[in-house]
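The structure appears below as structure tokens.
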Amino acid sequence: MDLMMKNGVTQSKARAGPTAEILFYATGESDLGEILVAHSSKGVCAILIGDSDKELVTDLLVRFPKATLVRSQAFLRDDLSKVVVFANKPTQRLDLTLDMRGTPLQRRVWEAIRNLPVGRTVSYMHLARVINCVYPNAAARVVANACAANPLALAIPCHRVVRSDGGLAGFRWGLERKRKLIAKEATSCGPVP
DNA sequence: GATCATATTTTGC
DNA sequence: GCAAAATATGATC
Numbered sequence: 001m002d003l004m005m006k007n008g009v010t011q012s013k014a015r016a017g018p019t020a021e022i023l024f025y026a027t028g029e030s031d032l033g034e035i036l037v038a039h040s041s042k043g044v045c046a047i048l049i050g051d052s053d054k055e056l057v058t059d060l061l062v063r064f065p066k067a068t069l070v071r072s073q074a075f076l077r078d079d080l081s082k083v084v085v086f087a088n089k090p091t092q093r094l095d096l097t098l099d100m101r102g103t104p105l106q107r108r109v110w111e112a113i114r115n116l117p118v119g120r121t122v123s124y125m126h127l128a129r130v131i132n133c134v135y136p137n138a139a140a141r142v143v144a145n146a147c148a149a150n151p152l153a154l155a156i157p158c159h160r161v162v163r164s165d166g167g168l169a170g171f172r173w174g175l176e177r178k179r180k181l182i183a184k185e186a187t188s189c190g191p192v193p
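Residue numbers are given in the UniProt record's numbering: position 155 of the first sequence equals residue 155, and the series is strictly consecutive.
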């Protein structure tokens, strides 16, 4: 994060975006904290969770350095409302138009995670088995990497992905937040055996 | 308890 | 463009 690309652009640009793009974003408050939703021309391209509005904007700016961020609370009113509702009470799945960019593998992993029911946690191995039932232990890292690069915090519930042991693995937005999310989902869906 | 195995991504030159 | 390091793990020795 300290070294700049000498060549101007690298392979990372494919992940951040093709070029200068206009992103509309809006922030809202939830029980988990401040939530930022960024919408591109295709759909929701980023959902961030943070402690303050400033932090979220900074994170978004770092994530999309070349993009032009336009704050439009009215434009994202609907999407933001859904995300906030989901954050407060994740009883149903998020129904948003997601603009999932990235490698095909990441997309596959994200789709698999998004297909998970609420209140259900799966292990890395199980999820890895879905996308690639060859070497579960190897694909586990792939799943972890895909989740780590997941820009759609709540839309893709990576917090439901835990280790096979049942314990919580790392979380990009903080382990405590992940723990809180799972607890909230369990409460909303009811204590399942 | 420590080490290796697998696949993918990212960064460096 | 090629090569090496790193990774939110899992299984084995």
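From the three backbone atoms N, C-alpha and C, an ideal C-beta is built for every residue, glycine too.
List the whole-angstrom C-beta distance separating V44 from L152, where the pair is believed to meet the contact cut-off of C-beta under 8 Å.
-> 7 Å
Which of the three DSSP states, helix, strand or coil, is assigned to E21?
-> coil
Exposure label - R120; buried when at least 16 CB within 10 Å = exposed
Report the option in H159, G170, S123 and Q73 whose CA atom is closest to the CA atom of A186.
-> H159
Between the region 133-143 and the region 72-80, are three or more C-beta pairs nearer than 8 Å?
-> no
In whole angstroms, what is the alpha-carbon distance linking K178 and D78?
-> 25 Å
On a CA-only basis, which of T97, A128, V84 and N115 is nearest L105? Give me that one, please.
-> A128
Could you tell me which residues DSSP puts in a beta bridge with E176?
-> Paired residue(s): none; E176 is not in a bridge.
N- and C-terminal bounds of the beta strand (DSSP E) containing R71 = T68 to R71
Who are the near neighbours of A148 in its chain, counting only those whose CB is closer than 7 Å to its CB and skipping five residues on each side?
-> R172
What residue does the alpha helix (DSSP H) around A140 start on, and which one ends it?
-> P136 to A148
Alpha-carbon to alpha-carbon, V122 and C130 = In the sequence on display, residue 130 carries Val and not Cys. Rounded to the nearest angstrom, the two C-alpha atoms are 11 Å apart.
Alpha carbon of S165 to alpha carbon of A155, nearest angstrom | A small correction: the amino acid at residue 165 is Asp; Ser does not occupy that position in the sequence shown. Roughly 25 Å separates the two Cα atoms.
Residue range of the unbroken alpha helix (DSSP H) whose run includes I131 | Y124 to I131
For L80, the first and last residue of its enclosing alpha helix (DSSP H) = R77 to N88
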